[in-house]
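Asks: Each residue of the sequence shown is one higher than the one before, counting from 37 in the numbering used here. Beta carbons: idealized from backbone N, C-alpha and C, even for Gly. This one's a predicted model, so the numbers in the text were calculated from it and none came from an experiment.
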Amino acid sequence: MAVSACNTNPFLQEWDTPYGIPPFDKIKVSHYIPAIKAGIAEQQAEIDAIVANEEAPTFENTIAPLELSGRTLAKVIGVMYNVSETDRSDALDAVVEESIPLTSAHENNMSFNKALYERIAAVYNGDQSNLTREQQMVLKKHFEAFEREGIGLPEEKQARLREINEAIASKTQKIGNNILAESNAFKDKFGFSVSAYPEKMTSTADRALRKEYYEAYTTRGHHGNENDNALLMVEVIRLRQEKARLLGFENSASYTLSNKMAADPATVDSFLRGILKASTAKACEEIADMQKIMDEDVAAGVLPAGSKIEPWDWWYYAEKVRKVKYDLDDEEVRPYFHMDSVRNGIFTCAKQLYGVNMEKLEGVPAYNKDCVTTWKVTADDGSLIGIFTTDYLPRDSKRGGAWMNNIRDQYVDAAGNDVRPIIVNVGNLSEYMNVDDVQTVFHEFGHALHGLLTKCHYPSVSGTSVTRDFVETFSQFNENWAFQPELLAKYARNDKGEVIPASLVEKINNSLKFNQGFMTTELAAASMLDLVWHETMIPEDIATREQATEFIDKLEADLAKSIALNPEITYRYRTTYFNHIFCSGYNTGYYGYLWSEVLDRDAFSIFEASPDGPFDLSLAKKFKETFLERGGSEEPMTLYKEFAGREPDSKAFLVGRGLL
37 MAVSACNTNP FLQEWDTPYG IPPFDKIKVS HYIPAIKAGI AEQQAEIDAI VANEEAPTFE
97 NTIAPLELSG RTLAKVIGVM YNVSETDRSD ALDAVVEESI PLTSAHENNM SFNKALYERI
157 AAVYNGDQSN LTREQQMVLK KHFEAFEREG IGLPEEKQAR LREINEAIAS KTQKIGNNIL
217 AESNAFKDKF GFSVSAYPEK MTSTADRALR KEYYEAYTTR GHHGNENDNA LLMVEVIRLR
277 QEKARLLGFE NSASYTLSNK MAADPATVDS FLRGILKAST AKACEEIADM QKIMDEDVAA
337 GVLPAGSKIE PWDWWYYAEK VRKVKYDLDD EEVRPYFHMD SVRNGIFTCA KQLYGVNMEK
397 LEGVPAYNKD CVTTWKVTAD DGSLIGIFTT DYLPRDSKRG GAWMNNIRDQ YVDAAGNDVR
457 PIIVNVGNLS EYMNVDDVQT VFHEFGHALH GLLTKCHYPS VSGTSVTRDF VETFSQFNEN
517 WAFQPELLAK YARNDKGEVI PASLVEKINN SLKFNQGFMT TELAAASMLD LVWHETMIPE
577 DIATREQATE FIDKLEADLA KSIALNPEIT YRYRTTYFNH IFCSGYNTGY YGYLWSEVLD
637 RDAFSIFEAS PDGPFDLSLA KKFKETFLER GGSEEPMTLY KEFAGREPDS KAFLVGRGLL
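#1: Do the CB positions of L282 and K223 come within less than 8 angstroms of each other?
#2: Which residue comes first and which comes last in the alpha helix (DSSP H) that contains N516?
#3: Taking the alpha helix (DSSP H) that L630 falls in, what are its first and last residues?
#4: Would you call T292 buried or exposed, if buried means 16 or more other Cβ atoms sit within 10 Å of its Cβ?
#5: Rounded to whole angstroms, what's the CA-CA distance from H67 to T44? Just pull it up for me.
#6: Whole angstroms are fine: how far does the CA of L653 sit from the CA of L389?
#7: Do G459 and P58 have their C-beta atoms within less than 8 angstroms of each other?
#8: Under the assumption that E170 contacts C492 (Cβ atoms under 8 angstroms), give the Cβ distance between them as a whole number of angstroms.
#9: Specify, as a first and last residue, the run of the alpha helix (DSSP H) that L420 falls within.
#10: In this structure, how does DSSP classify E191 when only helix, strand and coil are distinguished?
#11: Between which two residues does the beta strand (DSSP E) holding K412 run?
#12: May I have the straight-line CA-CA distance separating Y249 from F614, to the nearest angstrom?
#13: Work out the CA separation of G436 and N464 for me, nearest whole Å.
#14: Quick check on this structure: which residue in E78, P101, E183, L175 has the alpha carbon closest to the alpha carbon of T139?
#15: Considering only their Cβ atoms, is the gap separating R693 from Q520 smaller than 8 angstroms?
#16: On a CA-only basis, which of E96, R124, T94, V87 is nearest S433? Give me that one, please.
#17: Mind reading off the beta-carbon distance from G422 to V413? Whole number of angstroms is fine, and I expect it under 8 angstroms.
#18: A579 to T503, Cα distance in whole Å?
#19: What does H374 pair with, by DSSP beta-bridge criteria?
#20: Using only the alpha-carbon positions, how far apart do D333 and D366 sit?
#21: Express the C-alpha separation of R276 and Y622 in angstroms, rounding to a whole number.
#22: Should C385 be labelled buried (16 or more other beta-carbon atoms within 10 Å of its own) or exposed?
#23: Flag this pair as yes or no: are the beta carbons of L675 and F663 separated by less than 8 angstroms?
#24: Could you pull out every residue in the same chain whose Cβ sits closer than 6 angstroms to the Cβ of L690, ignoring the five residues on either side in sequence?
#25: Give me the DSSP bridge partner(s) of K396.
#26: Roughly how many angstroms separate the alpha carbons of I156 and P93, rounded to a whole number?
#27: Please work out which residues of its chain come closer than 7 angstroms, Cβ to Cβ, to V535, disregarding the five sequence neighbours upstream and downstream, and give them in chain order.
#28: Where do the N-terminal and C-terminal ends of the alpha helix (DSSP H) with I329 fall, by residue?
#29: Taking E665 as the reference, which of F228, A280, D325, T490 has the closest Cα?
#30: Throw me the rounded Cβ distance for the I382 and V477 pair, which I believe falls under 8 angstroms.
#31: Going by beta carbon distance, what residues of the same chain come within less than 7 angstroms of Y494, once the five residues before and after it are set aside?
#32: Closest to Q172 by C-alpha separation, out of A100, W348, R274, D589, would be which residue?
#33: For the alpha helix (DSSP H) that R243 lies in, which residues bound it at each end?
#34: Are I599 and L312 closer than 8 angstroms when you measure CB to CB?
#35: Whose C-alpha, out of L488, V304, G533, P647, is nearest the C-alpha of N461?
#36: If you reduce the DSSP assignment to three classes, tell me which class M697 lands in.
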């Protein structure tokens, strides 16, 4: 049977494909579960061999083989979750749900393997002077992971942690499926996707219709139907809090933040409240500007007397203000930002800054041959950097938003071969893009560069394997180049081949600080919502959907009052569709976008101050070698100080967002 499975299951074979790209054309839904089971068995055997080694524990006989264990399982998971997020089906959903208890139990078995922990602890507590800095960071990561997952707890508490971990994994998968179903229902009802919501709210003159869109968008997962997430989310928070307390922490926020740059909830709370004080004040100025234009509509008889700006008015009237203040119209911009042109822009920028070359690959396997484009990435010396694929257009089978995935991490294998990564950028973007869409493409490619350019030895620290409040630094940093005039002249062209006019470039750059009171407030408010949820203890008497709904509504309202949230603004993500913090690993980590922006804006200010400007190649080389190549092989602040020669200064962040 094992031989037969090996002969027919692509995951259990060597992939005879260009550059080791998964043979998507041969992978069937029926292959996943057998391959996951085989991968689990393989890794367990590898762990058993490490534990059975009678030699004294060393990095080379304990940590190094642990790092290389589970390669088959990693292959399956890397493909399965990428496809399930982009080309879901009922059959694949069922497979993912079936896989969750299997992988969760396996992870628990590893986390509570005392014999393995004792070997790791012996190396950690021994002489580390002969280890490289990367090896020390890898060792620290494994040792602390065991400590954080409860290896020191008595067996009955470990047993409860196993149950908690499996329940969280199952419930968060269901939450994600519900969010996708609600988003598809939204599209079915209104004829446009949730990713097109800002654009639709900007262009819809019918105020009653805008309100209908707003109410449907902001209540996804909150409708009392089969896709309602209220009780599920309350249960997940309750489980996370129980886990944190079992591990000796006051709450889930304290537990999660204890190994992040911010370190504790008080630091995050203070950081966000400081931003909100500035952003809500700026938002009040923006509201006043919009109200003036609304008053003109009232005077013209378009709206009834006494009309005031409401949340469903913001996008529409903000666009009117932008046209008045900056004479910038999205429809004037879009012709110069076709999807292919923007993609050329990110490639041109990477070539100029980092010596990255892109070659389109034809005829290679793809999980969606109609929507996915694959590129070979090389250095100037011809050496392979990695494989990069783009999947930008929306479809019903794809979850909302934009993201970067690793189908394969970079690492050095047992034979000393540098295994290069396979990276995916996914989006839900218009074929002709507005300014926000362009920034999104540059953002996600910043993540991709972090994953592609890494030069680490061990997979647990390569590429984007850094703390959540550091990882967004590099995606947001890449956004700074999107509208540099020198770069726009090379990529922003319309269908006639005409370069974007200098006058329009000036308008775009002048408008980048526009509406930042709103944008910053809704982001910071959502970050506070994430923090507060993970500090909150759920009362035991909340056991029904109705009770959970009431609890969620009250928590959101109380927080809005606490942070003096402008009534014209709501959270960027309300609780029941906050995919980041329930399904994507950003629990008590959503603040990381703003935290990282302080770092990225400050780093970019160093480029701006250079006599050579943003395209200072010596600075770009230093940035690549300090950050992009080293992944998590050093502490984040150590790397930042190495690059900047000092700690980060928040002034560039405040100036960049127009808050100072």
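Replies: The relevant details are as follows:
#1: Not closer than 8 angstroms, so no.
#2: Careful: N516 lies outside any alpha helix (DSSP H) and carries neither H nor E.
#3: Counting along the chain, L630 sits inside the alpha helix (DSSP H) bounded by residues 628-644.
#4: When all chains shown are included, T292 counts as buried.
#5: About 9 angstroms.
#6: Taking the straight line joining both Cα atoms gives about 6 angstroms.
#7: Reading off the sequence shown, one finds Ile at residue 459, where the question assumed Gly. No, Cβ-Cβ distance for I459 and P58 is not below 8 angstroms.
#8: In this structure E170 is in contact with C492, their Cβ atoms being roughly 6 angstroms apart against a cut-off of 8 angstroms.
#9: Taken as a continuous stretch (DSSP letters only), L420 belongs to no alpha helix (DSSP H), being part of the beta strand (DSSP E) at 420-427.
#10: E191 sits in a helix when the DSSP states are folded into three classes.
#11: Run containing K412: 409-414, per the beta strand (DSSP E) assignment.
#12: Each residue's Cα considered, the two are about 18 angstroms apart.
#13: Between the alpha carbons of N464 and G436 lies a distance of about 7 angstroms.
#14: Checking every option, the nearest Cα to that of T139 belongs to E78.
#15: Taking 8 angstroms as the cut-off, the beta carbon of Q520 is found no closer than this to the beta carbon of R693.
#16: Distances from the alpha-carbon of S433 to those of E96, R124, T94, V87 put R124 closest.
#17: In this structure, G422 and V413 form a Cβ contact; the two beta carbons are roughly 5 angstroms apart against a cut-off of 8 angstroms.
#18: A579 and T503: Cα-Cα distance of roughly 34 angstroms.
#19: DSSP lists Y468 as partners of H374.
#20: Each residue's alpha carbon lies about 22 angstroms from the other.
#21: In this structure, the straight-line span from the alpha carbon of Y622 to that of R276 is close to 13 angstroms.
#22: Answer is buried; the Cβ neighbour count reaches 16.
#23: Note that the C-beta distance between L675 and F663 is below 8 angstroms.
#24: The beta carbon of L690 lies closer than 6 angstroms to those of L696 in the same chain, with the five residues before and after it left out.
#25: In the DSSP output, where bridge partners are listed per residue, K396 has W411.
#26: One C-alpha to the other measures close to 7 angstroms.
#27: These residues qualify, in order along the chain: A525, A528, R529.
#28: Annotation: the continuous alpha helix (DSSP H) that includes I329 extends over 301-335.
#29: Comparing Cα-Cα distances from E665 to each of F228, A280, D325, T490, the minimum goes to T490.
#30: Indeed they touch by this definition, with Cβ atoms about 6 angstroms apart.
#31: E103, E170, V174, Y447.
#32: Checked all of A100, W348, R274, D589; the closest Cα to Q172 is A100.
#33: For R243, the enclosing alpha helix (DSSP H) begins and ends at 243-253.
#34: The Cβ-Cβ distance between I599 and L312 falls below 8 angstroms.
#35: For the residues L488, V304, G533, P647, the minimum Cα distance to N461 belongs to L488.
#36: Shown here, the chain extends from 37 to 696; a query on residue 697 therefore has no answer.
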